[in-house]
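Engineer: Protein chains in written order, with this note's numbering: chain A, 1 to 311; chain B, 1 to 311; chain C, 1 to 251; chain D, 1 to 251.
Each residue gets a CB set at the ideal place from its N, CA and C atoms; glycine is no exception.
A quick note: this is a predicted structure, and the numbers were derived from the prediction, not measured.
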Amino acid sequence: MPRPGPDKTMSLRDAVAAFVHDGDTVSLEGFTHLIPTAAGHEIIRQGRRDLTVVRMTADIVVDQMLAGGCVRKLVSSFVGNSSAGSLGELRRRIEHADPEPLDFEEYSHYGMICRYLAGAQRLPFYPLRSYAGSDLPRVNANIRKVASPYGDEQIYVVPPLNPDVTIIHAQRADRAGNTQIWGLTGIQAEAVYAAEKAIVVVEEIVADEVIRSDPNRTVVPAHAVDAVVECPRGAHPSFAQGYYDRDNAFYRSWSGISRDKEKLAAWMAEWVHGTADHAEYVAKLGDEFWAGLAVGEALSEPVNYGRRLQK
Amino acid sequence: MPRPGPDKTMSLRDAVAAFVHDGDTVSLEGFTHLIPTAAGHEIIRQGRRDLTVVRMTADIVVDQMLAGGCVRKLVSSFVGNSSAGSLGELRRRIEHADPEPLDFEEYSHYGMICRYLAGAQRLPFYPLRSYAGSDLPRVNANIRKVASPYGDEQIYVVPPLNPDVTIIHAQRADRAGNTQIWGLTGIQAEAVYAAEKAIVVVEEIVADEVIRSDPNRTVVPAHAVDAVVECPRGAHPSFAQGYYDRDNAFYRSWSGISRDKEKLAAWMAEWVHGTADHAEYVAKLGDEFWAGLAVGEALSEPVNYGRRLQK
Amino acid sequence: MTTSSEILSVVASRELAGKRTVFAGIGLPTLAASLAHLTVAPDLEIVYESGVCGAHPSHLPETIADAVLITGAEAVLSMPALFGYVLQGGHIDVGFLGAAQIDRWGNLNSSVIGDWQSPKVRLPGPGGAMEVMANSREVFVVMRRHDPRSFVDELDFCTSPGPDRALADGVTPFGLGVTKVITELGILARGGPGEELRLVALHPGATVEQARAATGWPLKVADDVTVIAPPSEAELRLLREDVDPERVYLR
Amino acid sequence: MTTSSEILSVVASRELAGKRTVFAGIGLPTLAASLAHLTVAPDLEIVYESGVCGAHPSHLPETIADAVLITGAEAVLSMPALFGYVLQGGHIDVGFLGAAQIDRWGNLNSSVIGDWQSPKVRLPGPGGAMEVMANSREVFVVMRRHDPRSFVDELDFCTSPGPDRALADGVTPFGLGVTKVITELGILARGGPGEELRLVALHPGATVEQARAATGWPLKVADDVTVIAPPSEAELRLLREDVDPERVYLR
């Protein structure tokens, strides 16, 4: 009965130009897995300014956006280079206001999750059993308390988060935006539903039939998506389950690169400003490099969705 | 590294005997799909009394449990035989206190969902944008209001639901209780996490490798499950996606059966009390009957989870 | 000979012009939405209460959870995602509802006839209707029977309140509540909070007096009550040949 | 020659006797949990912050989200399910945490050295540590370095509060907070709210005086400080041959 949905495919350049504006609140999610790095780089290339960047685990891509001069404010629950070291630019901004101060709003992981849940569900607040006795509410006035109407219990709450745009990376989508993710699915669905606009960057755009053979695999339905961008290897240096592995060497090298302002500027000039787009970045890394991150096959066993036999 | 989890497989008889006690709050969930009918019948056979039954869509299996004399109280958001008619025993209990009154606590669907969400998340309450202006809060004192600490907004809340035991039906699980569901997944995960104990009834118990080939398909992890019961066709007259179709004729016939007390008693005597277990019920329906509900094949395309190639 | 189901489906389908998402139950709403998809709303997506988005069913579904809605669908969502993110999140343009009773403000009763504590008739209750009312941008109601037992001066019980009752309870509503009621006699409409349902259109042959007599409150009537164009041949052909060829719901 | 990593892993593993679920980060906690699974806690399940339950990794994972943890796992959960249902839902027996600073009540700082507004050192921050503290039945802390800079009289900032601070804030805690702190010198322990950490055990050769000097508050000492049995040959063999044969974390 219904025909295929509208075609929302765009280039990454066009999608960022259309949906990311100076001063916007931009959420980039992906918990270690499927980090939307290529989108972060394109935002830097297009010279966006005064962004409020929202990301639970502010890691390398955030440090790069800070170095690119795009970010006025950061909303996050973890600011570090995974377990591999520090973020040099972020620490200079926070510890020394160098080159300028960074407005920083700090939460715990579940605090961020609950902000997305409230945003996606259009709730005025979301309760959670964290923060009691922590110093965080003292430095973050958004973390407040509510009394339960079912007893004398009190509980902390966080307000909704509704980004102007959320950007996620995923394994695959159809042209209308039905997006499938496997492996770690994180907070991606909630971050998309909480946002005004959503860009989904994928390893590959696939035929409608592929998506429709397994509707339970669709983590984000088309009605929540505004742009679909095909951008293979767009999550590097993070990984895409079943597509390529994590570039752990790059993670380990980042502390050294970002600690030194000149080294960092040189890296940005060469790898972000010096590449026209992510395809060039990928080509510059070279085939041999990518062969080192290649993964083998571990296929899921198919399930039967069934087909009606009667008339 | 970790070895296979503990074996939690039991017969339905033993699982009900062990985990469903007189006076318990028992949640049976499954939204049209995968209704745990066989478990309901076994509860009737074992003569449980004074149960508080929780079920969003109180339909045929609830009418049968009422007729079996098991239920003192019902917590629900829809009391009807799908779109196919009425529940005779339920209406006699509510409209005429015949043979005795039924304590009934009414919510909307999302009110029930939020009660499970609060229960699963150990929250004192869960906010939702329903109930404003409805007469329901007038007849259900559990539906209350909270003031948002971020403005002068007020919002309704519901309290957590924590059943003594939740029973769900699923397509498959391993022996430790890792449970996979496809098609409509409803509120099953939340109902299980909200409960003290959980029984999962499945079409088939499968090898660990089948489950582990697709970990994203696991809707309920083993650590939340206390008993795994293999009971093919245990969801009849509802359906199991990819296993058998819905018995629409039986749904249509239920109004006529349940409207007449004697007919209903005869049906219960023949199909519930007159069968030793669900295997007998299935056999009594006969091969020809089941052939009529058989479904064809529509397999999901496999996805690649990937395998590390280096050392 | 055009049946009443056909007329209601066609008239409801026209009201979906330009809409993107509709929350629809099985029966006339599905027929209306499917027809609209082929005519006035090519990008329309039907979202089902069971969690199915972008269904491509091989057979006409018998329930909102029919297995044929799932196989080949674009997405299947859990209940918390469907009700929390899609519906309460504000992604539904039009919700379709029915009810046992409706009042002039578009408030609905689907719980009881009589008193809630000891009802004369116990009806199925809210289901998700309260959420559809509270969270859709607007709500269409299709009522086959237009009579004073269903169009009442005062509801026996308000299950699903419109925005006027929400406001009176201190809560600012999201959507407009009921904006159209499509019946066997014509169309009642209202713009949103503060407005009563008014008769705005009649089927050919129906009269204002009939509508007034069939309504349990003093029915307001628009200055320019239009006559509804009967289903066109193209609309009927699509409905009969493409949408419901087995005439499952086109009784 | 037994390394300090080996000793800490073995000692931590023994404390997991009889536990069912552990929330563990990568590194020593994973080694301890994996060893416990092979020795004192055969039914132990490791739940990772990334959402992985029942992992069967082909290689020792480098992060809590390593691809090898996912392939072949029993379940992978979304963040709302992992943090909401599993962790806040109360399904974790033991949470492992580290920190830059710990005080005598087991409150932890992982946010800043210095003042939060203009810190001397900006640390990674809470991540999920606050949730692990608030929602696990008890928490084990592994601190390689036992010195007054880490074991402080007063935290620069309290990121993850134990139950005493929660109570003072008017909230009744779910779990016991930190019950064991395993260091290079020995084990500090407390029973729960109201109790300070006390020195209860020492590694062979370490002294009460060393522990006191290394602790930034007046350290209480148990009446019967025991000497920790060194890793047995069986424990070391399992750790070296089965758990971390590549010596990724057994530096």
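Quick check on the burial criterion: 16 or more other C-beta atoms within 10 angstroms. Buried or exposed for residue 309 (chain B)?
Structural biologist: On the second sequence, residue 309 (chain B) is found 309 positions in, with the first residue counted as 1. Exposed is the call here.
Engineer: Are the C-beta of residue 192 (chain C) and some C-beta of chain B separated by less than 8 angstroms?
Structural biologist: On the third sequence, position 192 is the one that residue 192 (chain C) refers to. With 8 angstroms as the cut-off, residue 192 (chain C) does not count as an interface residue toward chain B.
Engineer: Do residue 241 (chain B) and residue 306 (chain A) have their beta-carbon atoms positioned less than 8 angstroms apart in this structure?
Structural biologist: Within the first sequence, numbered from 1, the residue matching residue 306 (chain A) stands at position 306. Within the second sequence, numbered from 1, the residue matching residue 241 (chain B) stands at position 241. Result yes, Cβ atoms of residue 306 (chain A) and residue 241 (chain B) sit closer than 8 angstroms.
Engineer: Who are residue 128 (chain B)'s beta bridge partners in DSSP?
Structural biologist: The count along the second sequence starts at 1 and reaches residue 128 (chain B) at position 128. Partner(s): B:156.
Engineer: For residue 41 (chain B) and chain C, any beta-carbon pair shorter than 8 angstroms?
Structural biologist: For the purposes of this step, residue 41 (chain B) is taken as the residue at position 41 of the second sequence. Contact of residue 41 (chain B) with chain C is not assigned, every C-beta pair being separated by 8 angstroms or more.
Engineer: Among A:296, A:276 and A:289, which has the Cα closest to the Cα of residue 12 (chain A)?
Structural biologist: If you number the first sequence from 1, residue 12 (chain A) lands on position 12. The shortest C-alpha separation from residue 12 (chain A) is found at A:276.
Engineer: Would you report the Cα separation of residue 274 (chain A) and residue 261 (chain A), rounded to the nearest angstrom?
Structural biologist: Working through the first sequence from its first residue, we reach residue 274 (chain A) at position 274. Working through the first sequence from its first residue, we reach residue 261 (chain A) at position 261. Using only the alpha carbons, I get a separation of about 17 angstroms.
Engineer: Please classify residue 134 (chain C) as buried or exposed, where buried requires at least 16 neighbouring CB atoms within 10 angstroms.
Structural biologist: Translated into the one-based positions of the third sequence, residue 134 (chain C) becomes position 134. With 16 or more other Cβ atoms within 10 Å, it is buried.
Engineer: What residues in the stretch 87-107 of chain C have a beta carbon less than 7 angstroms from any beta carbon of chain B?
Structural biologist: For the stretch 87-107 of chain C, which is checked against every Cβ of chain B, the residues closer than 7 angstroms are 88.
Engineer: By the criterion of Cβ-Cβ separation under 7 angstroms, what are the contact partners of residue 223 (chain A) in chain C?
Structural biologist: Mapped onto the first sequence, residue 223 (chain A) falls at position 223. The answer, in chain order, is 21, 45, 53 and 91.
Engineer: Provide the residue span of the beta strand (DSSP E) that contains residue 145 (chain B), from first to last.
Structural biologist: Position 145 of the second sequence holds residue 145 (chain B). Unbroken beta strand (DSSP E) run through residue 145 (chain B): 144-147.
Engineer: How about the stretch 68-87 of chain C and the stretch 109-119 of chain B: do they share at least three Cβ pairs that are nearer than 8 angstroms?
Structural biologist: yes
Engineer: Counting only Cβ pairs nearer than 8 angstroms, list the residues of chain B close to residue 62 (chain C).
Structural biologist: Here residue 62 (chain C) refers to the residue found at position 62 when the third sequence is read from its first residue. Result: 246 and 248.
Engineer: For residue 162 (chain B), return the contacting residues in chain A, with the cut-off set at a CB-CB distance below 9 angstroms.
Structural biologist: As a working note, residue 162 (chain B) is residue 162 in the second sequence. Correct list: empty, because the minimum Cβ distance to chain A is about 13 angstroms.
Engineer: Establish whether the CB of residue 166 (chain A) and some CB of chain C are separated by less than 8 angstroms.
Structural biologist: Numbered from its first residue, the first sequence carries residue 166 (chain A) at position 166. False, the Cβ-Cβ gap to chain C never drops below 8 angstroms.
Engineer: Flag this pair as yes or no: are the beta carbons of residue 266 (chain C) and residue 36 (chain C) separated by less than 8 angstroms?
Structural biologist: Because chain C is modelled from 1 through 251, residue 266 (chain C) falls outside the range shown and cannot be assessed.
Engineer: Start and end of the beta strand (DSSP E) containing residue 248 (chain D)?
Structural biologist: Numbered from its first residue, the fourth sequence carries residue 248 (chain D) at position 248. Careful: residue 248 (chain D) lies outside any beta strand (DSSP E) and carries neither H nor E.
Engineer: Locate the beta strand (DSSP E) running through residue 199 (chain C), then write down its first and last residues.
Structural biologist: Here residue 199 (chain C) corresponds to residue number 199 of the third sequence, with the count starting at 1. Unbroken beta strand (DSSP E) run through residue 199 (chain C): 198-202.
Engineer: Hey, would you say residue 140 (chain D) sits closer than 8 angstroms to residue 182 (chain D), going by beta carbons?
Structural biologist: Counted from its first residue, the fourth sequence places residue 140 (chain D) at position 140. Counted from its first residue, the fourth sequence places residue 182 (chain D) at position 182. Closer than 8 angstroms, so yes.
Engineer: Can residue 40 (chain B) and residue 28 (chain B) be called in contact, C-beta distance under 8 angstroms?
Structural biologist: Translated into positions along the second sequence, residue 40 (chain B) becomes position 40. Translated into positions along the second sequence, residue 28 (chain B) becomes position 28. Yes.
Engineer: Mind checking if residue 134 (chain C) is an interface residue toward chain A, Cβ cutoff 8 angstroms exclusive?
Structural biologist: Position 134 of the third sequence holds residue 134 (chain C). Contact of residue 134 (chain C) with chain A is not assigned, every C-beta pair being separated by 8 angstroms or more.
Engineer: For residue 63 (chain D), which residues of its own chain have a beta-carbon under 7 angstroms away from its beta-carbon, when the five flanking residues on both sides are left out?
Structural biologist: Stepping through the fourth sequence from its first residue, residue 63 (chain D) is reached at position 63. Contacts found: 26.
Engineer: Is the distance from the Cβ of residue 205 (chain A) to the Cβ of residue 225 (chain A) below 8 angstroms?
Structural biologist: The count along the first sequence starts at 1 and reaches residue 205 (chain A) at position 205. The count along the first sequence starts at 1 and reaches residue 225 (chain A) at position 225. Against a cut-off of 8 angstroms, the Cβ pair of residue 225 (chain A) and residue 205 (chain A) comes out as no contact.
Engineer: List, in chain order, every chain D residue whose beta-carbon is nearer than 7 angstroms to that of residue 306 (chain B).
Structural biologist: Locating residue 306 (chain B) in the second sequence gives position 306, counting from the first residue. Residues of chain D passing the Cβ test: 67 and 71.
Engineer: Which two residues bound the contiguous beta strand (DSSP E) that contains residue 229 (chain B)?
Structural biologist: For the purposes of this step, residue 229 (chain B) is identified with residue 229 of the second sequence, where counting begins at 1. 227-230 is the extent of the beta strand (DSSP E) around residue 229 (chain B).
Engineer: How many whole angstroms separate the CB atoms of residue 211 (chain C) and residue 150 (chain C), which I take to be in contact at a CB cut-off of 8 angstroms?
Structural biologist: Your numbering for residue 211 (chain C) matches position 211 in the third sequence. Your numbering for residue 150 (chain C) matches position 150 in the third sequence. That belief does not hold up - the Cβ atoms of residue 211 (chain C) and residue 150 (chain C) are roughly 13 angstroms apart, past 8 angstroms.
Engineer: Give the straight-line distance between the Cα atoms of residue 167 (chain A) and residue 200 (chain A), rounded to the nearest whole angstrom.
Structural biologist: In the first sequence, counting from the first residue as 1, residue 167 (chain A) sits at position 167. In the first sequence, counting from the first residue as 1, residue 200 (chain A) sits at position 200. Answer to the nearest angstrom: the Cα atoms are 6 angstroms apart.
Engineer: Which value, in whole angstroms, describes the spacing of the CA atoms of residue 250 (chain C) and residue 86 (chain B)?
Structural biologist: Translated into positions along the third sequence, residue 250 (chain C) becomes position 250. Translated into positions along the second sequence, residue 86 (chain B) becomes position 86. Residue 250 (chain C) and residue 86 (chain B): Cα-Cα distance of roughly 22 angstroms.
Engineer: Report yes or no: is there a C-beta of chain A within less than 8 angstroms of the C-beta of residue 213 (chain B)?
Structural biologist: Residue 213 (chain B) sits at position 213 when you count from the first residue of the second sequence. Yes, its Cβ sits closer than 8 angstroms to a Cβ of chain A.
Engineer: Does the stretch 76-86 of chain A come close enough to the stretch 48-57 of chain A that 3 or more CB-CB pairs lie under 8 angstroms?
Structural biologist: yes
Engineer: Using C-beta distances below 7 angstroms, list every residue in its chain close to residue 6 (chain A), excluding the 5 sequence neighbours before and after it, in chain order.
Structural biologist: Reading the first sequence from its first residue, position 6 is the one you call residue 6 (chain A). Around residue 6 (chain A): 176.
Engineer: Tell me the DSSP bridge mates of residue 33 (chain A)?
Structural biologist: Walking along the first sequence from the start, residue 33 (chain A) turns up at place 33. Paired residue(s): A:239.
Engineer: Counting C-beta neighbours from all protein chains within 10 Å, is the total for residue 205 (chain D) 16 or more, i.e. buried, or is it exposed?
Structural biologist: Here residue 205 (chain D) corresponds to residue number 205 of the fourth sequence, with the count starting at 1. Residue 205 (chain D) comes out exposed.
Engineer: Decide if the stretch 212-232 of chain C is in contact with the stretch 185-204 of chain C; the criterion is three or more beta carbon pairs, one per stretch, under 8 angstroms apart.
Structural biologist: yes
Engineer: Taking the straight line between their C-alpha atoms, what separation do you get for residue 116 (chain A) and residue 241 (chain C)?
Structural biologist: Sequence index remark: in the first sequence, residue 116 (chain A) carries index 116 (1-based). Sequence index remark: in the third sequence, residue 241 (chain C) carries index 241 (1-based). Their backbone Cα atoms lie some 45 angstroms apart in a straight line.
Engineer: Tell me, please, whether the CB atom of residue 298 (chain A) is closer than 8 angstroms to any CB atom in chain B?
Structural biologist: On the first sequence, residue 298 (chain A) is found 298 positions in, with the first residue counted as 1. It does; some Cβ of chain B falls within 8 angstroms.
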